[in-house]
Amino acid sequence: MGSAAAWQLARRGRSVVLLEQFEQGHHIGASHGSTRNFNMAYAEPDYLDLVTEAKDLWNELESETGTQLLDLVGLVNHGNVRRLREVRSSHAERGIASHFIPAAEAAERWRGMNFRGEVLVVPGSGRVRAADALVALRQAAEAHGARFEYSTPVRDIRVDGDRAAVVIDSGEITAHRVVVTAGAWTGKLLGGRVPLPELVVTQEQPAHFTPLDDSLEWPSFNHNPDPDDPRDAYWYSPVYGMLTPGEGIKAGWHGVGPVTDPDARSFTPEPVQLEALVRYVREWLPGVDAGSAVPISCTYTSTANEDFVLDRSGPVVVGAGFSGHGFKFTPAVGRVLADLADGGAAPARFTARR
Ligand SMILES: Cc1cc2nc3c(=O)[nH]c(=O)nc-3n(C[C@H](O)[C@H](O)[C@H](O)COP(=O)(O)OP(=O)(O)OC[C@H]3O[C@@H](n4cnc5c(N)ncnc54)[C@H](O)[C@@H]3O)c2cc1C
Numbered sequence: 003m004g005s006a007a008a009w010q011l012a013r014r015g016r017s018v019v020l021l022e023q024f025e026q027g028h029h030i031g032a033s034h035g036s037t038r039n040f041n042m043a044y045a046e047p048d049y050l051d052l053v054t055e056a057k058d059l060w061n062e063l064e065s066e067t068g069t070q071l072l073d074l075v076g077l078v079n080h081g082n083v084r085r086l087r088e089v090r091s092s093h094a095e096r097g098i099a100s101h102f103i104p105a106a107e108a109a110e111r112w113r114g115m116n117f118r119g120e121v122l123v124v125p126g127s128g129r130v131r132a133a134d135a136l137v138a139l140r141q142a143a144e145a146h147g148a149r150f151e152y153s154t155p156v157r158d159i160r161v162d163g164d165r166a167a168v169v170i171d172s173g174e175i176t177a178h179r180v181v182v183t184a185g186a187w188t189g190k191l192l193g194g195r196v197p198l199p200e201l202v203v204t205q206e207q208p209a210h211f212t213p214l215d216d217s218l219e220w221p222s223f224n225h226n227p228d229p230d231d232p233r234d235a236y237w238y239s240p241v242y243g244m245l246t247p248g249e250g251i252k253a254g255w256h257g258v259g260p261v262t263d264p265d266a267r268s269f270t271p272e273p274v275q276l277e278a279l280v281r282y283v284r285e286w287l288p289g290v291d292a293g294s295a296v297p298i299s300c301t302y303t304s305t306a307n308e309d310f311v312l313d314r315s316g317p318v319v320v321g322a323g324f325s326g327h328g329f330k331f332t333p334a335v336g337r338v339l340a341d342l343a344d345g346g347a348a349p350a351r352f353t354a355r356r
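Once you know that position 98 of the sequence shown is 100 in our numbering, the rest is easy, because the numbers rise by one and skip nothing.
Right, dumping it as C-alpha cells:
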C-alpha cells in the first residue's frame with residue numbers, strides 16, 4: 003500500500019520518500035509471496051468501484067513498467083449461493099461479466115476441484131503476481147522521482163500543526179504530509195495519535211499443495227461454507243485459493259489465525275487449524291496431494307467488519323485494516339491515499355470515524 007501511494011504521489015510530481023523498516027522483499031508483513039487473488043466477486047458498490055479502478059491501474063502499471071502483473075485465469079465462487087446471487091446482481095447492474103454454472107459443469111471443466119451447488123464464474127478475475135507487483139510499484143515510483151529507503155525503521159511521528167516530523171535513527175524528516183501504511187505495526191506506530199477502529203493482527207497460515215497432474219487447469223477460487231450444512235461444521239472460515247506457478251495450489255482459511263504481536267511471531271502454523279485445512283483439501287481439491295502441505299506465514303490486520311481504513315487526521319494520512327483482502331485493490335488504494343494527502347476525501351465507508 004505504501005509503495006502504491008508513493009507511485010501515485012510521485013506521478014503527480016510530489017517529492018516522495020518511502021521508509022521501510024526491513025529489507026526489500028522481506029517476508030515479515032502481509033504482502034510477500036508470488037500470488038494473490040484478483041477477485042471481483044464483491045456486491046458492495048464501494049468495493050466494486052475500487053476493484054474496477056484497480057484493474058485499470060494494474061494495467062497502467064504493467065505498461066509503465068513493461069511487466070505482466072495480472073493473470074486473469076478466471077475465479078470461481080461457490081457455497082452460500084444466496085450471497086453469490088447478490089454479487090451477480092451487482093455485477094449485472096455494472097456490466098461486469100459473471101455467470102452461474104451447475105456444479106457438474108464446473109467439475110467437468112476444473113477436474114482438480116469438487117463443487118456443491120451452483121458456481122459463480124467471474125472470467126475477468128484471477129491472480130495478481132504479488133512479488134512482481136512490489137518491484138513494479140517501486141520501479142514506477144522511482145521513475146517519477148520517489149526515493150525508497152529500506153532497513154530504515156521510523157521510531158516516531160511528531161505532529162506539528164499542519165506538518166509532521168518523522169524520526170529515524172539518522173535524524174528527522176519534516177514533511178507536509180506523512181502517509182502511514184504500516185500494516186500490522188499501525189497501532190504501535192500511531193499509538194492513538196489518530197482515531198482508528200480496533201485493528202486485530204493475526205498470523206495466517208495458508209499452504210501450498212502439490213498438483214497430482216500438471217495438465218489440470220486451475221482457476222482462482224473462493225469457497226464459502228453453507229451455513230445450514232452440517233458437513234461444513236469443521237470449517238474455520240471461507241476458503242480462498244489459487245495456483246502459484248512453481249509452488250502448487252495455495253489454499254487457506256480467512257482471518258482466523260492466532261492473534262499475534264508482529265514483533266513476537268512464531269512463524270509456525272497452528273497444528274489443529276492446519277489439520278482442518280488438510281481435511282478440506284482432501285474433500286474439495288482432489289487434484290492435489292493433501293499430504294504435501296507447505297505452510298506460509300503471513301499477517302492480517304483486520305477491522306471488525308473487514309472494511310479498510312483510508313483517512314487523514316491533520317498531516318497524517320492512514321491506510322490500514324486491509325483485513326486479508328487488500329492486495330487486489332492496491333493501486334486504487336494508493337490513488338485514494340494520494341488524494342487524501344492532497345486534501346481530497348475517501349469514500350465514507352473507509353473513513354476511521356464511520
Ligand atoms: C496469507 C495471506 C493471503 C492473502 N490473500 C489475499 C488475496 O488472495 N487477495 C487479496 O486481495 N489480498 C490478500 N491478502 C491481503 C493482502 O496481502 C494485504 O491486504 C496487503 O498485502 C496489505 O498490504 P500493506 O502494505 O498494508 O501491509 P504490509 O505489506 O505488511 O506493509 C506494511 C509495511 O510497513 C512496514 N513498517 C511497519 N512499521 C514500520 C516502521 N515503524 N518504520 C518503517 N516501516 C514500517 C512493515 O515492515 C511492512 O513492510 C492476503 C494476505 C495474507 C497475509
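By construction, the Cβ of each residue, glycine as well, lies at the ideal position given by its N, Cα and C atoms.
Keep in mind it's a predicted model, so treat the numbers as computed, not measured.
It is roughly 14 Å from the alpha-carbon of Ala142 to the alpha-carbon of Ser17. Thr37 has its alpha-carbon roughly 19 Å from the corresponding atom of Ser294.
Using a 10 angstroms sphere on the CB of Asp162, the tally of other CB atoms stays under 16, which defines it as exposed.
A distance below 7 Å between beta-carbons, with the five flanking residues on each side excluded, links His93 to the following residues of its chain, in chain order: Ser100. Every beta strand (DSSP E) of 3 residues or more that sits fully in the stretch 31-83 is shown, in chain order, as 37-40 and 77-80. Residues of the same chain with a CB within less than 8 Å of the CB of Glu25, apart from the 5 flanking positions on each side, are Tyr152 and Ser153 in chain order.
Cβ neighbours of Pro297 within its own chain (closer than 7 Å, five residues either side excluded): Gln207, Ala209, Pro271 and Leu276. About 4 Å separates the Cβ atoms of Leu77 and Ser222, confirming a contact at the 8 Å cut-off. Counting along the chain, no alpha helix (DSSP H) covers Ala177; the unbroken beta strand (DSSP E) around it starts and ends at Gly173 to Ala177.
Taking non-hydrogen atoms of ligand 1 into account, the C-beta of Phe117 is found less than 7 Å away from none of them.
Straight across, the Cα-Cα distance linking Gly321 with Pro104 is about 40 Å. Val78 has its Cβ no nearer than 7 Å to any heavy atom of ligand 1.
Residue Leu86 holds the alpha-carbon nearest to the alpha-carbon of Phe102 among Asp216, Trp220, Leu86 and Glu95. Annotation: the continuous beta strand (DSSP E) that includes Glu206 extends over Val202 to Glu206.
In this structure, Ala135 is the residue among Leu122, Gly119 and Ala135 with its C-alpha nearest to the C-alpha of Asn61. In the three-state reduction of the DSSP assignment, Pro232 falls in the helix class, which pools H, G and I. For Arg281, the enclosing alpha helix (DSSP H) stretches over residues Pro273 to Trp286. The beta carbons of Val130 and Phe329 sit about 6 Å from each other, so the pair counts as a contact at 8 Å. Rounded to the nearest angstrom, the gap between the Cα atoms of Val168 and Lys190 is 15 Å.
Tyr44 is the residue among Ile159, Tyr44 and Glu110 whose C-alpha sits nearest the C-alpha of Val124. A distance criterion of 7 Å places the beta-carbon of Ala32 in contact range of ligand 1, judged by its closest non-hydrogen atom. Cα atoms of Pro229 and His178: separation of roughly 49 Å, rounded to the nearest angstrom. For Ala56 against Phe331, the beta-carbon gap comes to about 5 Å, under 8 Å, which counts as contact. In this structure, Val318 is the residue among Ile170, Glu110, Pro213 and Val318 with its C-alpha nearest to the C-alpha of Pro197.
Per DSSP, reduced to three states, the secondary structure at Trp220 is coil, with no helix or strand assignment. Distances taken from the Cβ of Phe223 to the heavy atoms of ligand 1 include none shorter than 7 Å.
Of the candidates Ala166, Thr246, Asp48 and Leu342, the residue whose Cα lies closest to the Cα of Asp313 is Leu342. Ligand 1 has no heavy atom closer than 7 Å to the beta-carbon of Lys57. In terms of Cβ geometry, Glu64 and Leu74 do not form a close pair [threshold 8 Å].
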